[in-house]
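J.:
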Amino acid sequence: MKKGDIKKLDILNTAEMLFCRKGYEQTSIQDILDQLHTSKGSFYHHYVSKESVLEGICKRRAEQIYQTLAEKQDIRNGTLNNLNLLLSGMIPFQNEKLSFLLMLLPIFNTTDGRTVRAYFCDALSDCFRKSVCILIAKGAEEGSMLCPEPGYTTDIILSAVNGLWTGICDFVLKSERDGAEADVSEILRMTDCYRLMIERMLSLPYGVIELTDLQAVTIMCRQIHSHWLQ
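Here's what the structure looks like:
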């Protein structure tokens with residue numbers, strides 16, 4: 000790895016650590032510089048702003064999420080199981096992904112936050128698009144799915160998955176601001192609506208698409224609630 004790439008990676012790692020520890024809005028570029036013992040010139044050589052650093056973190060997170068899931072795919076599991084693995088894994092509610100989500104949530108509905116979540120959604124779609132499209136095309140070829148336009152259908156489905164997890168976050172945040180834990184049953188109803196839409200798009204039987212489950216949603220809600228009380 001080149002020296003410049005190492006420095007760029009150091010900035011990303013340090014910034015993510017500080018964002019998770021202090022919060023995005025509470026962390027300044029100077030905080031990052033102080034932690035790295037580096038100059039402003041070195042920072043601005045790689046990134047134009049704090050927002051661009053967060054964009055880089057979003058891209059890297061999405062790539063890490065996708066790579067972990069790609070390694071778990073197995074042709075022997077069947078097309079639908081591999082599709083479910085990708086679609087459910089794209090939703091950042093599992094324990095190993097929550098630290099980033101908890102960092103993002105306090106700014107989720109601010110102007111900066113809406114920009115950041117758009118970056119993260121775009122990064123997730125970019126990472127997952129090719130593999131999801133291949134699986135949908137394969138399902139159509141096998142006859143297990145009905146989909147004349149895998150490319151367009153993939154874009155709509157990925158947009159729906161991003162819409163689901165951001166919608167759930169909006170609901171959880173509203174509940175926390177109202178002084179209550181989010182109603183998990185309402186989140187599952189929301190999930191069912193998106194699941195049914197995807198099943199109909201692919202002409203799949205009811206209940207075969209898996210997006211998230213009770214355990215993952217419950218853990219996510221408890222983690223967010225505990226984080227909010229700190």
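The sequence shown runs contiguously to residue 229 in numbering that gives the first Met the number 0. Positions of the beta carbon are idealized from the N, C-alpha and C atoms, including for glycine.
Taking a contact to mean a Cβ-Cβ separation below 8 Å, would you say residue 104 touches residue 172 in this structure?
T.: Less than 8 Å separates the beta-carbon of residue 104 from that of residue 172.
J.: Since residue 63 is in the alpha helix (DSSP H), which residue starts that stretch and which ends it?
T.: Counted as a single uninterrupted DSSP element, the alpha helix (DSSP H) harbouring residue 63 occupies residues 49-71.
J.: Note the first and the last residue of the continuous alpha helix (DSSP H) segment covering residue 162.
T.: For residue 162, the uninterrupted alpha helix (DSSP H) run begins and ends at 149-176, by DSSP.
J.: Taking buried to mean at least 16 other C-beta atoms within 10 Å of its own C-beta, is residue 142 buried or exposed?
T.: exposed
J.: Given a threshold of 16 other Cβ atoms within 10 Å of its Cβ, counted over all protein chains shown, does residue 21 qualify as buried or as exposed?
T.: Per the 10 Å Cβ criterion, exposed.
J.: Can residue 36 be considered in contact with the ligand ATP, in the sense that its beta carbon sits closer than 7 Å to one or more heavy atoms?
T.: The ligand ATP is absent from the structure shown, which contains no ligand whatsoever.
J.: Pull up the distance between the alpha-carbon of residue 122 and that of residue 219, whole angstroms please.
T.: 22 Å
J.: Return the first residue and the last residue of the alpha helix (DSSP H) that residue 75 is part of.
T.: Residue 75 -> no alpha helix (DSSP H), and no H or E assigned at all.
J.: Could you check which residue in 10, 147, 115, 93 has the C-alpha nearest to that of residue 54?
T.: Scanning 10, 147, 115, 93 for the CA closest to the CA of residue 54 turns up 115.
J.: Give a yes or no on whether the C-beta atoms belonging to residue 189 and residue 206 are separated by under 8 Å.
T.: It is not a contact, given that the beta carbons lie outside the stated cut-off.
J.: Would you call the segment 75-92 and the segment 148-155 in contact, with 3 or more CB pairs under 8 Å?
T.: no
J.: Is the CB-CB distance between residue 224 and residue 185 below 8 Å?
T.: No, the pair does not count as a contact, with Cβ atoms beyond the cut-off.
J.: To the nearest angstrom, how far is the alpha carbon of residue 214 from that of residue 221?
T.: 11 Å
J.: What do you get for residue 146, buried or exposed, if any count of 16 or more other CB atoms within 10 angstroms of its CB means buried?
T.: By the neighbour-count criterion, in which 16 or more other beta carbons inside 10 Å mark a residue as buried, residue 146 falls on the buried side.
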